[in-house]
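Scroll down for the structure; my scribbles are underneath it.
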Amino acid sequence: MVRSTPFSVLSSTSDSPRQTTSTTSTEEADDSKKIAAPPTKLIQFTKSVPPPPGDHPLEFNYVISYFVRPSGKFDPEDYALFVQPVASFGSVEQFWSTYRHIKRPSDVSEKVDFHMFKEGVKPVWEDTANCKGGKWILRLKKGLSSRIWENLLLAMIGEQFLVGEEICGAVCSVRNQEDIVSLWNRTADSPGVTNRIRDTLRRVLNLPVNAVLEYKRHDDCLKDQSSYRHTNPDLCRR
Numbered sequence: 001m002v003r004s005t006p007f008s009v010l011s012s013t014s015d016s017p018r019q020t021t022s023t024t025s026t027e028e029a030d031d032s033k034k035i036a037a038p039p040t041k042l043i044q045f046t047k048s049v050p051p052p053p054g055d056h057p058l059e060f061n062y063v064i065s066y067f068v069r070p071s072g073k074f075d076p077e078d079y080a081l082f083v084q085p086v087a088s089f090g091s092v093e094q095f096w097s098t099y100r101h102i103k104r105p106s107d108v109s110e111k112v113d114f115h116m117f118k119e120g121v122k123p124v125w126e127d128t129a130n131c132k133g134g135k136w137i138l139r140l141k142k143g144l145s146s147r148i149w150e151n152l153l154l155a156m157i158g159e160q161f162l163v164g165e166e167i168c169g170a171v172c173s174v175r176n177q178e179d180i181v182s183l184w185n186r187t188a189d190s191p192g193v194t195n196r197i198r199d200t201l202r203r204v205l206n207l208p209v210n211a212v213l214e215y216k217r218h219d220d221c222l223k224d225q226s227s228y229r230h231t232n233p234d235l236c237r238r
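The sequence shown begins at 1 in the UniProt record's numbering and counts up by one.
Okay, here's the thing in structure tokens:
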């Protein structure tokens with residue numbers, strides 16, 4: 001199905017992302033500016049297609065989607081209404097055939113959220129899979145998010161975290177002054193599991209020692225209506 005959308009997430013090329021891993025901590029970007037982007041055509045792939053014979057199946061099916069904040073007054077509770085699904089996949093081959101056509105975060109100038117979540121899990125705090133969980137947050141200098149995002153997606157589909165069904169999905173938020181990558185998990189009240197996810201994140205993303213990871217519970221997100229403010233640096237609380 002072809003749909004007119006305010007943001008072109010599909011790329012006509014398959015440029016490789018930048019290979020950098022340096023990080024920094026900055027203030028959350030100002031969301032006061034309005035987004036103005038010309039409408040473009042976007043092919044929607046929203047139904048799962050079984051992997052063809054010979055493909056390498058994944059443990060879970062995933063959906064890639066994105067969100068662009070509408071201009072004017074916006075209620076965060078309406079976030080899910082503006083999430084645009086792009087593709088679903090269930091094999092290594094299907095992932096690459098999708099990913100190679102999607103713009104990399106570092107190549108996007110609009111403020112946009114990229115999502116990759118397990119099929120059936122919505123990229124919103126109040127989803128039943130997310131409401132008792134939280135997320136690890138990594139803030140990045142502009143231009144560095146593409147390689148980090150790709151490595152995170154590969155770690156997810158490759159089951160690198162070894163925490164069963166605890167991982168829900170990941171988000172890459174492109175902002176004015178920084179990009180923010182976050183990994184969502186189901187259970188915020190299990191420090192052993194949550195901190196294991198943190199340690200695995202540091203390893204699979206090859207983060208420098210001084211890189212700061214912050215944790216925020218989704219019930220706290222619902223209270224202050226913010227994803228990235230009032231976080232807990234490098235720890236999670238009960």
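Quick reminder that beta carbons are idealized off the backbone N, C-alpha and C, glycines included. It should be emphasised that the depicted structure is a prediction, and the values quoted were computed from it without experimental measurement.
So, are the CB atoms of residue i and residue j less than 7 Å apart?
i: A188; j: G134; result: yes
i: I64; j: A87; result: yes
i: S173; j: I180; result: yes
i: G90; j: L140; result: no
i: E214; j: T231; result: yes
Select from the options the residue whose C-alpha is nearest the C-alpha of residue i.
i: S54; options: Q94, V193, L140; result: Just to set this straight, residue 54 is Gly in the shown sequence, not Ser. The option with the nearest alpha carbon to G54 is Q94.
i: G158; options: G72, D78, E77, H56; result: H56
i: F117; options: A129, V174, S106; result: A129
i: N195; options: L58, I137, D107; result: I137
i: D78; options: C131, V193, Q225; result: Q225
i: L154; options: V83, V92, D220; result: V92
i: P85; options: H115, F60, R217; result: H115
i: N61; options: L183, S182, E165, I197; result: E165
What does the alpha-carbon distance come out to for the pair residue i and residue j?
i: Q177; j: Y228; result: 14 Å
i: T24; j: S145; result: Here the model assigns T24 a pLDDT of 39, short of 50, so the residue's position is not dependable and the matter cannot be decided.
i: R202; j: W96; result: 24 Å
i: F74; j: L222; result: 15 Å
i: Q160; j: G192; result: 16 Å
i: D127; j: P105; result: 25 Å
i: N185; j: G72; result: 31 Å
i: V163; j: P52; result: 28 Å
i: D219; j: C131; result: 6 Å
i: D107; j: G143; result: 8 Å
i: M156; j: R147; result: 14 Å
i: K216; j: L152; result: 18 Å
i: T26; j: V49; result: With a pLDDT of only 36 at T26, under the threshold of 50, the placement of this residue in the model should not be trusted; the figure read from the coordinates follows. Spanning the two alpha carbons is a distance of roughly 41 Å.
i: V83; j: E150; result: 20 Å
i: I197; j: L183; result: 9 Å
i: R175; j: P76; result: 16 Å
DSSP beta-bridge partners for residue i?
i: L213; result: L138
i: C172; result: F114, V181
i: N232; result: Y215
i: residue 240; result: The requested residue 240 does not occur in the structure, where the chain is confined to residues 1 to 238.
i: S88; result: V63
i: P57; result: S91
i: V68; result: V112
i: I167; result: N185
i: V83; result: F67
Does any residue of chain C bring its CB to less than 7 Å from the CB of residue i?
i: S65; result: Structure shown: chain C not included; a single protein chain is present.
- prompt: Per the contact definition of three or more C-beta pairs closer than 8 Å, is the segment 105 to 112 in contact with the segment 66 to 83?
  reply: yes
message: Using 8 Å as the cut-off, can you tell me whether the segment 199 to 215 makes contact with the segment 122 to 131, which would need three or more C-beta pairs spanning the two stretches below that distance?
response: No contact exists between the segment 199 to 215 and the segment 122 to 131.
- prompt: Touch check for the segment 91 to 105 and the segment 159 to 170: three-plus C-beta pairs under 8 Å?
  reply: no
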